[in-house]
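So the protein lines, in turn, are chains A and B. Just so you know, we're using the working numbering here: the first sequence kicks off at 86 and counts up by one. Just so you know, we're using the working numbering here: the second sequence kicks off at 86 and counts up by one. Ideal Cβ placement from N, Cα and C applies to all residues, glycine included. Working notes for the structure below.
2 protein chains.
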Amino acid sequence: MSLDDVLSKIDSDLDAATDRLLELLRIPSVSTDPAYAAHCQEAADWLVRDLASFGVRAEKHDTPGHPMVVGHVEGDGPHVLFYGHYDVQPVDPIELWDRDPFDPALEETPSGKVIRGRGASDDKGQLMTFVEACRAWKAVHGSLPCRITFFFEGEEESGSPSLVPYMQEHAEALKADIALICDTGLFESKTPAIITMLRGLAGAEVTITGPDRDLHSGMYGGLVRNPLHVMSGLIAGLHDETGRVTLEGFYDGVEELSSEVRAQWQALSFDHQSFLADVGQSQQGGEADRTPLEKLWSRPTCEVNGLWGGYTGDGAKTVLPSKAHAKLTFRLVGQQDPEQVVEAFKAYVKENVPSDYTAEFIGEKGAPASQMSTDHPAFEQARKALSDEWPEPAAYIGCGGSIPIAGFFKDILGMDAMLIGFGKDDDQIHSPNEKYDVESFHKGIRSWARILDEMAG
Amino acid sequence: MSLDDVLSKIDSDLDAATDRLLELLRIPSVSTDPAYAAHCQEAADWLVRDLASFGVRAEKHDTPGHPMVVGHVEGDGPHVLFYGHYDVQPVDPIELWDRDPFDPALEETPSGKVIRGRGASDDKGQLMTFVEACRAWKAVHGSLPCRITFFFEGEEESGSPSLVPYMQEHAEALKADIALICDTGLFESKTPAIITMLRGLAGAEVTITGPDRDLHSGMYGGLVRNPLHVMSGLIAGLHDETGRVTLEGFYDGVEELSSEVRAQWQALSFDHQSFLADVGQSQQGGEADRTPLEKLWSRPTCEVNGLWGGYTGDGAKTVLPSKAHAKLTFRLVGQQDPEQVVEAFKAYVKENVPSDYTAEFIGEKGAPASQMSTDHPAFEQARKALSDEWPEPAAYIGCGGSIPIAGFFKDILGMDAMLIGFGKDDDQIHSPNEKYDVESFHKGIRSWARILDEMAG
C-alpha cells in the first residue's frame, strides 16, 4: 500500500523533520518590527531552499513588504494550493518566556512532548506539516499524487498588506482547484476539524471630546459633563438586556444556521463549562437565546478592545478629562457588510453624544465573513482522511476568529478554501512560551499525506 | 489716616515687593519630586529670612517631609494665624511653557501686566500678598495692628502628609482667634470673595477581573463577558437619568441651602453660559433640578477621573481583556461621610459585577466638606474691607474644590478659617504658563492691609 509506505517514512523521518522545524524557528522573522526585516528575508530563503531540496521549483518574490515564497511541483491528480505564513508574532513580554523564544527546543511536559519557541504553532510548525508530508511522499514515490502550488507569505501577523495586490497580480500563477490553509486548530485534542465558517471583522476607534481641556474635577465637576461618563454610557448602550447589539441594522445579513449545520454542531461534544472554566469564568455572556457554539461561531459580536481616558497613573488626580477613547471590533457573520456596521456605529455615537461634544473616528479595514461550500469533493475527502488518522471523526466547525485569506482565495482566485490545522487551545500563540505538540506535528504530517492520497483518488 | 498711609506705602513699594516675589519664584520648590527637596529647604529659609527682615520671630521646623515655617509677631489686636504654602506643582509638560517656569518675569498681556512663572498664583504670589501687607504696616507704624502667627507649609501639592501630625504636636503654638488662608480666587475679576463652603473629597480605585487572562476577541467574543463592557455598565449606572448619583445612601447628610445663602448666591452675577463656553461647552450636565452654582458648590458629585483597560496603543488589537480599571472621586457636601460613600461604592460594584468576576479596591483617604460659620465677627470685617478695595462688594461663596486645611484648623485647633484669595480662573495653576495678575498681587496686598485694619477695630 503506497499510503502506508509514506506514513512509515513520516514516522521514521520525524526526528529529522523536527530538526528542520527547529532550524526554521531559529530565524526571528517578526514581521511587525522593521528591525527584523532581514530575518524575514532569511526565513523566505530557507523555505525556497527547503522546497528545492525535494524538487519543488520555488522562488522568493519581493513585495513592498516582506517577500512571498511561491513553489510549484507537478503531479498527476488535482491541483491544490497550500498556504501558510513564515512570519511570527513579536515576543513581548520577553520576561515571561521561560527560554529564548528563538532558541527553540523539545520539552517534556505532563501532557506530552512539545516544541517550544515563537512560531512553533503559529504558523511555522503548521506550515511544515504539509511540507514534510510532501517530502515523504516524494521520497517514497519519486513524485507527488497531486499538482501542488506552495504559497507562503511573511506579513500575516502584520495585516497582510501585500497579499491582495500580490494575488491580483499573480492570479494565473496561483489558481488551483482548491486552497488548503493550515493556520487553525483541532476541535479538541482527539477530534480534527475542517473550518467551514469564519467570522468577518470590522473595527473602529472613536475619540469623544467634551470640554476643550482637562479640568479640575472640583472646580467643574457637577456642571460640566464628564467624557468618561458619556463614553461609558455609549458602550453600555451597545447591548440590550438580552445581549443583542443595538446598532441600527446590525443584524442585517445575519443568517440562521441550516438544520444540517445545527445538527452537526449539536453532535459535537462542546463543554462550554470547561471552556469557560479554562479562562476562570463560570457564567456565559452574550445573546441569551443562543447556544454557546452559536455565540462563538455564527453570531456577530461587538467588543470593546481598548478603553481609556483621564488619569491612569499611580495615585489619584482629580481631573475631569477632555477626551475619552475606545477601540472596538465587530465579528461579522453571514452577509453582514463591514462598512455598514462601522457606519451604524458612527451614527450611533454621533446621535448619542451630547450636542456640544465632538466625535472623531479612525476606521479599520474590514472583511466580511467567509462561508465555505462543502459541496467541493475535497471536503468529504479530507474529512475521511482526517477521521482515519485521529481517534475521533473529523468535524465541520465554525471559527469565531477572522482569517481573511479564505475570502481572498474565493473572491480573487475563485477557489474554495479548506482550513485544516492541528493547533491546540493551549498552544499560547501570540503569547509567551508558545509551543506545538509533537503529536500535532507528527499526526499533522500524517494527516496531510492521507488527505493528498484521498484527493488523488 | 493710618490705613491710607499703609496703602500709600504699599503702592510705592510695589516694584520692590514684585522683585521679592520674583526671587521666591526662582526657587524650584517642587514638593512631589524628591530631586527638589533641597530647593524646598531653600524656599523655607528664604521665608524665614524675609519674615525676620521686618521683625517676625520665624523658624524653619523640620518634618518627615518638607519643613514648616512658623513665625510670630506681637500686636495689639486680635490674634490671627495666616496660612500659605511655599511648594509648587511640577512643571510638566515643560514643552508647553513659553518660558523657563523658574525664570519668572513680568509680562504685558492684553488684559494687563502679569507675573509669569510656576507658583506665581499657587501659592507664592498669594502668600506674599499677606507678607507684604504686614511689611508695609510695620514700615509705616513700627508695629502691627494684630497679633499674627505665620504658618507656611511645603507639602500642599503633595497631599500635606506632615500637616496634621505637625498641627497636633504644635497646637499650642498655632492657636489663634481665627485662621486666614490665601489659596483661592476672586469670584470674578471685580468681585472679591470669602469662601464659606468647601466640598469634601473621597476617592476609590477599582479593578474588575473577568477572564483570568487577555483573550482573543474572535475565539472567545460572544460567549465570555468583556470587563470593559461590565465596567462601562457600572459607570453608566452610577447616575440616573436626572443626573442623581444612584449609590445607596449617597445623599445622606446632604443639606439644602439656607434661604439666606440661597439669596446671596442668587444675587451673584454668575453667567454659567460663559463659564461653560470658556471650556468649549454649551450644555449643562449634572442634576436636572439644581442651579449651576448649586451644582458646583453645594451638591455632591461622583466623577470618574481615569478609566482604562485592554489595548490602548496605535492600531488595533483584537483582545478581550482580563481587567478593567477606574479611578473615581466624590465631592462631598454637608455632613456626607467619606468612608460611607466609599463603602457604598464598593457595595455597588460588588453587587453589580457578574458573579464570576472579582473586584479589588484601593482606597483614598477622604475628607468631609467644610462649612464656615460666618458668625465670627472677622467675616463681616473682612467683607467690608474687601468691598472697600474692589469695584464690587465681596461675596460669600462656595467652592467646588476641596481644601482640607480649613477643616483641620477647626478640628485640631478649634479655629474658624476664612479663605480669601485673589487668583483668577485663567491663572493656569497646575498647568503650563502659570501667571498671577499684578493687579491681583497689588490689590491683594492692599486688601489684607484693610482686613487687618478692620479686625483691629
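Distance cutoff 7 Å, beta carbons only. Does residue i sit that close to anything in chain B?
i, result
"ALA401/A", "yes"
"MET457/A", "no"
"GLN369/A", "yes"
"LYS520/A", "no"
"ALA320/A", "Rather than Ala, the amino acid found at residue 320/A in this sequence is Ile. Answer yes: the Cβ-Cβ gap between ILE320/A and chain B drops below 7 Å somewhere."
"ALA339/A", "Before going on, a small fix: residue 339/A reads as Val here, not Ala. It does not: the Cβ of VAL339/A has no partner Cβ on chain B nearer than 7 Å."
"LYS585/A", "Because chain A is modelled from 86 through 542, residue 585/A falls outside the range shown and cannot be assessed."
"THR414/A", "yes"
"THR386/A", "yes"
"SER302/A", "yes"
"SER487/A", "yes"
"ARG310/A", "yes"
Answer with yes or no whether the minimum CB distance from residue i to chain A is below 7 Å.
i, result
"MET540/B", "no"
"SER317/B", "yes"
"GLN366/B", "yes"
"ASP207/B", "no"
"TRP533/B", "no"
"TRP393/B", "yes"
"ASP100/B", "no"
"MET500/B", "no"
"PRO178/B", "no"
"TYR396/B", "yes"
"ASP441/B", "yes"
"PRO377/B", "yes"
"GLY55/B", "The requested residue 55/B is not part of the displayed model; chain B covers only 86 to 542."
Find out if the Cβ-Cβ distance for the pair residue i, residue j is shorter than 7 Å.
i, j, result
"GLY508/A", "GLY270/A", "yes"
"SER525/A", "LEU471/A", "no"
"PRO312/A", "PRO186/A", "no"
"HIS151/B", "SER116/B", "yes"
"ASP337/B", "THR331/B", "no"
"ILE447/A", "ILE279/A", "no"
"CYS231/B", "GLY162/B", "yes"
"GLY394/B", "LEU88/A", "no"
"PRO476/B", "LYS275/B", "yes"
"TRP382/A", "GLY288/A", "no"
"ILE293/A", "ALA444/A", "yes"
"GLY210/A", "TYR481/A", "no"
"ILE263/A", "VAL165/A", "yes"
"GLN366/B", "PRO296/A", "yes"
If you draw a straight line from the alpha carbon of residue i to that of residue j, how long is it in whole angstroms?
i, j, result
"TYR121/A", "GLU242/A", "13 Å"
"ALA534/B", "LEU92/B", "7 Å"
"GLY285/A", "GLN421/A", "8 Å"
"PHE494/B", "GLU340/B", "22 Å"
"ASP591/B", "ALA102/B", "The requested residue 591/B does not occur in the structure, where chain B is confined to residues 86 to 542."
"ARG298/A", "ILE514/B", "14 Å"
"LEU303/B", "VAL434/B", "Correcting the residue type first, residue 303/B is Gly in the shown sequence and not Leu. Spanning the two alpha carbons is a distance of roughly 28 Å."
"TRP222/B", "GLU465/B", "22 Å"
"GLU290/B", "CYS219/B", "45 Å"
"GLY529/A", "PRO149/A", "33 Å"
"LEU283/A", "GLY419/A", "9 Å"
"ALA321/B", "TYR305/A", "19 Å"
"GLN126/B", "ARG134/B", "12 Å"
"GLY307/B", "LYS380/A", "5 Å"
"PHE236/A", "HIS357/A", "36 Å"
"ASP130/B", "ILE536/B", "28 Å"
"ASP118/A", "ILE179/A", "15 Å"
Give me whichever residues DSSP pairs with residue i in a beta bridge.
i, result
"TRP182/A", "According to DSSP, which records beta bridges pairwise, TRP182/A is partnered with nothing at all."
"PHE167/B", "PHE235/B and LEU265/B"
"GLY285/B", "LEU417/B"
"GLU192/A", "VAL199/A"
"GLU449/B", "GLY288/B"
"TRP393/A", "HIS410/A and TRP393/B"
(message) I'd like to know if the segment 401-415 of chain A and the segment 313-321 of chain A are in contact, where contact means that at least 3 CB-CB pairs between them fall below 8 Å.
(response) Three or more Cβ pairs closer than 8 Å define a contact, and the segment 401-415 of chain A meets that threshold against the segment 313-321 of chain A.
(request) Taking 8 Å as the threshold, find out whether the segment 375-388 of chain B comes into contact with the segment 359-373 of chain A through three or more Cβ pairs. (result) no
(request) Decide if the segment 98-112 of chain B is in contact with the segment 251-264 of chain A; the criterion is three or more beta carbon pairs, one per stretch, under 8 Å apart. (result) no
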